[in-house]
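Remarks on the structure that follows.
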Amino acid sequence: MIKRLIYNFSKLRQFRLEFNLQKLRIIMAKLTVKATLFTVLTCVVPLAIVGWYFTSQTMEALTKAAVDKNNKVAERVASDIGSYVQGKKNFLMVASGQTAIRSMQPTKIEHYLSLVKAFYGSADALFVAQPDGKQIFRTDGAQTVDIDDREYFSKALEGTPQFSNPIVSKVTNQLTIIGASPIYGSGNQAVGVMGANLSLQSLNNMIEQVLSLNPGYSVTVIDKNRIPIFYQLDTAAVEEQRQLSEVYYIQAVQGETGNTVGLVRGQEYLLSYRPIANTDWIVVTAYPREAALQAAFNMIQQSIIVVAIIIVVFVIFGLYAARTSLCPLKDLVAGAKRVASGNLAHELNLNKKDEFGHVATAFNSMTASLRQIVTSVKESSSLVLETSESVAAVANQSRAGSVQVANSVARIAEQLVKQGKETESTTQNLNQLVGITTEISDSIRQTAAATDMCSALAVQGQVIINQTIAEMQNIKVLVDETGQTVTTLSQSANEIGQITGLISGIAKQTSLLALNAAIEAARAGESGRGFAVVAEEVRKLADESSCAAKKISEIIARIQYESRGVVIAMNQSIEHVDQGVNVTKTSGETFAQITAAIAGIQQQANTIAQKTESQDELCKLAITTVSAMNVMTECNTGSVQEIAAVCQEQAASAHTITYSIEKLAAMAKELEDLVDRFEI
Numbered sequence: 215m216i217k218r219l220i221y222n223f224s225k226l227r228q229f230r231l232e233f234n235l236q237k238l239r240i241i242m243a244k245l246t247v248k249a250t251l252f253t254v255l256t257c258v259v260p261l262a263i264v265g266w267y268f269t270s271q272t273m274e275a276l277t278k279a280a281v282d283k284n285n286k287v288a289e290r291v292a293s294d295i296g297s298y299v300q301g302k303k304n305f306l307m308v309a310s311g312q313t314a315i316r317s318m319q320p321t322k323i324e325h326y327l328s329l330v331k332a333f334y335g336s337a338d339a340l341f342v343a344q345p346d347g348k349q350i351f352r353t354d355g356a357q358t359v360d361i362d363d364r365e366y367f368s369k370a371l372e373g374t375p376q377f378s379n380p381i382v383s384k385v386t387n388q389l390t391i392i393g394a395s396p397i398y399g400s401g402n403q404a405v406g407v408m409g410a411n412l413s414l415q416s417l418n419n420m421i422e423q424v425l426s427l428n429p430g431y432s433v434t435v436i437d438k439n440r441i442p443i444f445y446q447l448d449t450a451a452v453e454e455q456r457q458l459s460e461v462y463y464i465q466a467v468q469g470e471t472g473n474t475v476g477l478v479r480g481q482e483y484l485l486s487y488r489p490i491a492n493t494d495w496i497v498v499t500a501y502p503r504e505a506a507l508q509a510a511f512n513m514i515q516q517s518i519i520v521v522a523i524i525i526v527v528f529v530i531f532g533l534y535a536a537r538t539s540l541c542p543l544k545d546l547v548a549g550a551k552r553v554a555s556g557n558l559a560h561e562l563n564l565n566k567k568d569e570f571g572h573v574a575t576a577f578n579s580m581t582a583s584l585r586q587i588v589t590s591v592k593e594s595s596s597l598v599l600e601t602s603e604s605v606a607a608v609a610n611q612s613r614a615g616s617v618q619v620a621n622s623v624a625r626i627a628e629q630l631v632k633q634g635k636e637t638e639s640t641t642q643n644l645n646q647l648v649g650i651t652t653e654i655s656d657s658i659r660q661t662a663a664a665t666d667m668c669s670a671l672a673v674q675g676q677v678i679i680n681q682t683i684a685e686m687q688n689i690k691v692l693v694d695e696t697g698q699t700v701t702t703l704s705q706s707a708n709e710i711g712q713i714t715g716l717i718s719g720i721a722k723q724t725s726l727l728a729l730n731a732a733i734e735a736a737r738a739g740e741s742g743r744g745f746a747v748v749a750e751e752v753r754k755l756a757d758e759s760s761c762a763a764k765k766i767s768e769i770i771a772r773i774q775y776e777s778r779g780v781v782i783a784m785n786q787s788i789e790h791v792d793q794g795v796n797v798t799k800t801s802g803e804t805f806a807q808i809t810a811a812i813a814g815i816q817q818q819a820n821t822i823a824q825k826t827e828s829q830d831e832l833c834k835l836a837i838t839t840v841s842a843m844n845v846m847t848e849c850n851t852g853s854v855q856e857i858a859a860v861c862q863e864q865a866a867s868a869h870t871i872t873y874s875i876e877k878l879a880a881m882a883k884e885l886e887d888l889v890d891r892f893e894i
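Residues 215 to 894 in our numbering are what the sequence shown lists, from first letter to last.
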C-alpha cells in the first residue's frame, strides 16, 4: 500500500512537472515574452559586458593600489626599524670610540655613560665588557654577567658592529636584542665591547605606530632563518623562536624584496616583503585581499542592484512596448479565425504604415480574392446545375422518343411478319391458280370464285401495302426526329464539356490561389496557421471540383462518342427506311397491277378459256412478283429489327446520359453547398 502511494505520489509530481513545463513552453512561445526577453537581453548583455570590464579593471586597479600600499607599509616599517637600528649602531660606534670608554676603567665608563645615557633615547641598558666577556659596567645597575658565549660578542671583538637576533637576556630572562660595537685601544686592537639592549617592546611600539596609521595590515619581522622577531598574529612563535614554514616566508627570505599572494589562516592575503637595512632581518606585511577589493565588491553589489532595477524597468518597458506593438496581431488573429470559420466579408481596419499594416492590406486583398473565387464558383455551380437540369430534360425527352420509336418499330415488325405470312398465302393461292388455270375449261364458276378471292386478297394486300408505306413514312419521321434529338444532345454535351473546362480552369486557379495563400501563411508563421488551414480547405475543394469536372468530362466524352454512334446508326436506319419505303411502293404498284389483272380477269371471265395462256403467264408473273415481295418483306423485317435494336441502344444511352447528368447535378449541388459555407 505504501509503495502504491509512493508510486502515485511520484507520478503526481511528474505530472505537475510536465504540466509546469508545458505552461512554461506556452508562455515562452508568446511573442510578447520573446520580445521582452529580446529587449532585456539587448540591454543586459551590454551592461554585463561593460560591468564585467569595468569591474575587472577596478579590481585590478584596487589590487595594484593595495599592493603598492602594502609595499609602502613594508618599506615604512623596514625604514623605521632600519633607521632605529642604524641610530643605535651609530650611537654605539661613536660612544665606543670615546676616550673614557677606550680606557676600559669602570669609573670613567660609568661617568661617561651616565652623561650620554639620555642621548641613547630609551631605558634600555648600556654595558661594557672586557675581551674575556665579563661585563665591567651596566647602566641599569643590574648584576654584571659573562657574555663570552654570545655570538654577537665574538663578532664584535672581531671588529664588526653587530645586532643579535632576539635572545634571552641573562639579566632579565626576557627576549631582547643586543647591539655590540668593538672598543679599540692603542694599536687599533679590540680591548672590549660596548653593548646596548634593544627591547622588543620598542620595536613593537614602532611597528604598532605604523599599523595605527594603516589599519588592517599585519606585520612580521623575520631573520634569515625565518625566526620571527616580531609576529603580530602569533606572539608565542616569537617567544618560542619557532621557525616559520609558510611558502611566502620562504619566498621573502630568498627574494628579500617583492610581493606575492598567500593564504594566511585560510584567508587570501596580499603580501609584501622588504629587507631591513643594517640587519639580516626582513619585514613581511600582509593585507586581506578581500578588504582590498571590498570597494570593488561594494561596487559590484551596487551595480547588481542598479542592473536589477534597470532590468525591471526594461522588462516593464519591454512588456508595454511589446503589448503595444503586437496589439494589431490580435486583430489579425481574430480576422484569420473568422476567415477560417467561413466569413469572407470581414476586413481588417489597421491604418498603420508598419509591417502589420502591410499584412492587414495583404489580408484584405486575400479575402477579396477569396470572395471573388467563391462567387465565381457559386455562379459556375449554379450554371452547371441549371445546364444539367436542361440536359436531363432533353435526355428524358430523347429517351421517351427512343421508347416510342422502338414501340412503333415493333408494331411495324409485327405487321411485316403478318405481311410475310399473307404473301406466302398469296403465293400458295397463285400456285393453286396455276393448277386451276389448267382446269379452267372444266369450271368457269370455280375460276370466277377464285378470281373473286384473288381480287379480295389483292385489295387486302393493297391496303396492307398502303399501311406499310404510311408506317414507314412515320418511322422515317421518327428516325429524323431522333437524329435531331441526338444532335441536340451532342450539342448540349459539347456545351457541358465547355462548362466543365471552365470549372476545371476555375478549380486550377483556385488551387493556385490556395497554394499562394498557404505560402503566404507559412511566411507569416504562427499568425498564419489558421489561414493556412483555410487555404488547405479551399485547395481541397478546388481539387475535388477539378476531379468532378474531370469525371464529367469523361462522361460527356462517352456521351459524345455514343451520340456519334447513334447518329451513324440513325443515318443507316434512315437509308434502310428509305429502301423499305421504295420497296413498299414497288409492292404497292405490283399489287395495283395484280388488282388490275384480276379486274381484267373478272371482265374477261367469259373469255377465260380463250386467254388461258395469257392468264397462265400473268399467274407466273404474279408468283414471281409475290416471291420478290416476300424477299423484300423479309429484308424489311430485318431492317425493322435492326432499327428496334438501335432504338433500344439509344434508350440505354439516354438512360446513361440521364444518370450522368443526375450525378453531375449532385456534384454541382454538393459544390454549391460547400461554397455556401462562406459568407461573402
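For each residue, glycine too, the CB sits at the ideal point set by N, CA and C.
Since the model is a prediction, treat every value here as computed from it, not as a measurement.
On the three-state DSSP scale, how would you describe residue i?
i      : result
Lys477 : Reading the sequence as shown, one finds Leu at residue 477 and not Lys. Of the three classes helix, strand and coil, the one that applies to Leu477 here is strand, per DSSP.
Gly301 : helix
Met318 : coil
Asn557 : strand
Pro429 : coil
Asp362 : coil
Ile441 : coil
Gly409 : strand
Lys369 : helix
Arg488 : strand
Gly715 : helix
Thr499 : strand
Val382 : strand
Arg625 : helix
Arg456 : coil
Ala339 : coil
Ser400 : coil
Gln376 : strand
Leu726 : helix
Give me the Cβ distance between residue i and residue j, rounded to the nearest whole Å; I'm assuming they're in contact under 8 angstroms.
i      : j      : result
Asn418 : Thr390 : Between Thr390 and Asn418 the Cβ distance is about 12 angstroms, and since that is not below 8 angstroms, they are no contact.
Tyr487 : Ala288 : 6 angstroms
Ile766 : Leu878 : 5 angstroms
Leu306 : Gly393 : 6 angstroms
Ile295 : Ile490 : 5 angstroms
Val527 : Ile421 : In fact, because the Cβ distance is near 52 angstroms, the residues do not count as touching under 8 angstroms.
Ala576 : Glu751 : Between Glu751 and Ala576 the Cβ distance is about 20 angstroms, and since that is not below 8 angstroms, they are no contact.
Just how far apart, CA to CA, sit residue i and residue j?
i      : j      : result
Gln415 : Ala280 : 28 angstroms
Thr702 : Ser604 : 12 angstroms
Leu729 : Ala550 : 16 angstroms
Pro380 : Val433 : 17 angstroms
Ser310 : Phe377 : 15 angstroms
Ala771 : Thr870 : 12 angstroms
Thr839 : Ala810 : 14 angstroms
Leu835 : Glu695 : 40 angstroms
Glu470 : Val521 : 45 angstroms
Under 6 angstroms Cβ to Cβ from residue i, same chain only, skipping five residues before and after it: list those, please.
i      : result
Ala505 : Gly430
Gln300 : Asn492
Gln423 : none
Ala762 : Met881
Gly409 : Phe341, Ile392, Ala394
Within the 8 angstroms Cβ cut-off, does residue i reach chain D?
i      : result
Ile766 : Any reference to chain D falls outside this structure, which holds one protein chain only.
Which same chain residues end up closer than 8 angstroms to residue i when comparing Cβ atoms and leaving out the 5 residues on each side of it in sequence?
i      : result
Val385 : Ala339, Arg352, Asp354, Ala356, Gln357, Val359
Ile464 : Arg440
Lys331 : Leu340, Thr353
Asp363 : Gly347
Ser583 : Leu727
Lys303 : Pro375, Phe377, Gly393, Ser395, Asn492
Within a Cβ cutoff of 7 angstroms, which residues of the same chain sit near residue i, ignoring the five residues on either side of it in sequence?
i      : result
Ile371 : In the sequence as presented, Ile is not what sits at residue 371; that position holds Leu. Same-chain partners within the cutoff: Pro345, Pro396, Ala404, Val407.
Asn285 : Asn473, Ser486
Quiz item: Using 8 angstroms as the threshold, is the region 343-353 in touch with the region 319-328, meaning 3 or more CB pairs across them?
Solution: yes
Self-check item: Contact the region 481-501 vs the region 280-290: 3+ CB pairs below 8 angstroms
Solution: Yes, the region 481-501 is in contact with the region 280-290.
Practice problem: Taking 8 angstroms as the threshold, find out whether the region 254-272 comes into contact with the region 401-411 through three or more Cβ pairs. | Solution: no
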